[in-house]
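Okay, so here's the structure we're looking at.
Below is the structure:
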């Protein structure tokens, strides 16, 4: 098995072993490529008569970048939000970095919080905290959730803000930054928690195409550094060029998945053909 | 009439002071309690939630005048005797708490849901989400309505007339009953009330515009 | 629970005062609101002053001015008349503001569309914007009405035999200091809370059919 990236052995890294609560020096166990970081089995969800997810199975390995595409209402966002339990499925199991939650049984707030510490999420509408400075936005959860000291958290925040090329904005308020900048800050905020997997829910849909490019560039860098990523997106070129696997969803189920160039250029399923044709023939 | 007004002004001024002080104390004590109630009303524990909802509905459903009577005339029966000023403070603070809890709850609910989700996605606990995301912004959103309510509370201090508190209205009425120039003195009292409520209303409007700029 | 019987006698007066005041306020509030919205300074400045004064003086002070002031020195008024008039005027001030926000909440595109279709200003107001403004204003107006039910208690201070008046009288007559007031509180809650709940439910249903 290949080891995808350098084990993060910095002391005080803050990553918590979810089973024992201990802080291991390296997380090789879970980061080995081939080992699934996310496993969804039999996920179902309905709102009234509307079936949004129909017994979906999905597995994502460490270091993999999975792009989820498909028509609106297909259930892509719902599936993504089930991974960190922002939506609780009616049935099925969600396993993230070894932590398993069975939706058939009572899902407690504690279960949800444990799962969320392993996954970082980036939202379509960024959802930065407008009343806090950019630095505080990135540091707050590090202090409150991971228990880092203010100094530690701020140092890590600055590192990440550098990484997304926005260190200069640290002491300003989010409203002073453009949409693309806010989204990059949001990415930094999620990365600051040292997640095992990053979930992106249509990260560029609220941005002008030009501005979206900055964000996609950061996401590409992130992918190349070996982060496990699941990206719900309408950006087909990004899906084709950056992801390791493309998953096409429609009507609550996965209708096709596989190699990006295969799926996008030669879709097999009739429904994916319709969708991709509509996207590429604009 | 103006000559009379000038003559009565010092006396009424003292009454106005009492009214303003009463309003400030009631609001200062009542709003923190209102915040507590607003948070409790959203609690996930049914017992807490239901009790607070009942308390709020009783507080909002009872006219301030009745609360004043209850506290001043009724409580001595239960062993607690309060002077007019203290009783008025207690009664109006209770009313403030009940009403402002709904105002603050509205503010908390107006905080964009996406931010709550972001806090949850970061793994923050319910308490931390409340403390760092919902309450700071919810209160900010609620401020204009809270100021508006404060102005109404100031007006409500005139009800303390019925429990023998020497505030503005009662002093005006005393002067009226001794001079029989009721219309003139009550009009002056009205003007004094306006002297507080109208500028406060303007300030509140400006505050509202200023606050919505940053959100 | 003889107290209950005694205090209940005040309910008709409470309801009467509330309803009459609302009627006066609803009627007078409309011209006030239209004047306030007018582009003519000669209309909107006095209208604004009137509204601010009506809402800026405490209700009990208004009642005293009308009953002891006007009533004693100029025009004889009995407590009930003074109470209804006073609360009616105050309601006009508050309802004018409610009408105004109702009208303001309707998307300006509705006016533009009506104009483009060639509808007269009156027709636009009556057939297009008015009904929508009404839907927006209704929840706020009903919240006000329910509040007025409680605020009507001030008429007890000038001698109208409403719920509070009866409870105070009963307390003095029987020497009971707690019970009559608790009964009064309970009656107000029983009258007001169901209305408030119904009003909130109506509010969410109405919100859907207005262009914002």
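Residue numbers (this note's numbering), protein chains in the order written: chain A, 271 to 552; chain B, -1 to 213; chain C, 16 to 227. Glycine included, C-beta positions come from ideal geometry on N, C-alpha and C. In this text the structure is predicted, and so the values were computed from the model without any measurement.
- Not flagged as an interface residue toward chain B: residue 173 of chain C, since no C-beta distance is shorter than 8 Å.
- Not a single C-beta of chain C is nearer than 8 Å to the C-beta of residue 172 of chain B.
- Taking a contact to require three or more Cβ pairs closer than 8 Å, the stretch 454 to 462 of chain A and the stretch 416 to 432 of chain A qualify as touching.
- Boundaries for residue 51 of chain B: no beta strand (DSSP E) harbours it, while the alpha helix (DSSP H) harbouring it runs 44 to 59, taken from the DSSP string.
- For the stretch 123 to 182 of chain B, the continuous alpha helix (DSSP H) assignments of 4+ residues that do not extend past its boundaries occur at 124 to 127, 133 to 154, 166 to 177, in sequence order.
- Residue 2 of chain B is bridged by DSSP to nothing; it lacks a bridge partner.
- Taking C-beta atoms under 8 Å as the contact rule, residue 109 of chain B and residue 136 of chain B qualify, at a distance of about 5 Å.
- Beyond the five residues adjoining it in sequence on each side, residue 145 of chain B comes within less than 6 Å, by CB distance, of 202 in the same chain, given in chain order.
- Contacts between residue 203 of chain C and chain B, judged by CB atoms closer than 8 Å, involve 59, 60, 61, 64 in chain order.
- In this structure, DSSP gives residue 387 of chain A a state outside helix and strand, which the three-state scheme calls coil.
- Check the Cα spacing between residue 221 of chain C and each of C:135, C:147, C:74: the tightest is with C:147.
- Taking a beta-carbon distance threshold of 8 Å, residue 120 of chain B counts as an interface residue toward chain A.
- Distances from the CA of residue 523 of chain A to each of A:317, A:305, A:487, A:327 were compared; the closest alpha carbon is that of A:327.
- Nearest CB-CB separation between residue 2 of chain B and chain C: not below the 8 Å threshold.
- Per DSSP, reduced to three states, the secondary structure at residue 135 of chain C is coil, with no helix or strand assignment.
- Within 7 Å of the CB of residue 112 of chain B, the CB atoms of chain A belong to 393, 395, 397, in sequence order along the chain.
- The C-beta distance from residue 534 of chain A to residue 515 of chain A rounds to 11 Å, too long to meet the 8 Å contact threshold.
- Residue pairing by DSSP places residue 470 of chain A opposite A:392, A:501 in a beta bridge.
- Close partners of residue 134 of chain B in chain A (Cβ separation under 8 Å): 401.
- Using a Cβ distance threshold of 8 Å, residue 34 of chain C and residue 181 of chain C do not count as a contacting pair.
- Residue A:406 holds the alpha-carbon nearest to the alpha-carbon of residue 442 of chain A among A:406, A:353, A:449.
- Annotation note: the stretch 60 to 84 of chain C contains the following uninterrupted alpha helix (DSSP H) runs of length 4 or greater, listed N- to C-terminal: 74 to 79.
- Residue contact with chain B for residue 307 of chain A: absent (no Cβ-Cβ distance below 8 Å to any residue of chain B).
- Checking the DSSP bridge columns, you'll see residue 449 of chain A has no partner listed.
- Taking a Cβ-Cβ cut-off of 9 Å, residue 418 of chain A has no neighbours in chain B, whose nearest Cβ is about 13 Å from it.
- Using a Cβ distance threshold of 8 Å, residue 97 of chain C and residue 202 of chain C do not count as a contacting pair.
- Against residue 35 of chain C, chain B offers no close residue; the least beta-carbon distance is about 18 Å (beta-carbon pairs closer than 8 Å).
- Rounded to whole angstroms, the Cβ separation of residue 34 of chain B and residue 46 of chain B is 11 Å, and the two are not in contact under 8 Å.
- Below the 7 Å Cβ cutoff, chain B contributes 119 as neighbours of residue 354 of chain A, in chain order.
- Rounded to whole angstroms, the separation of the alpha carbons of residue 165 of chain C and residue 212 of chain C is 16 Å.
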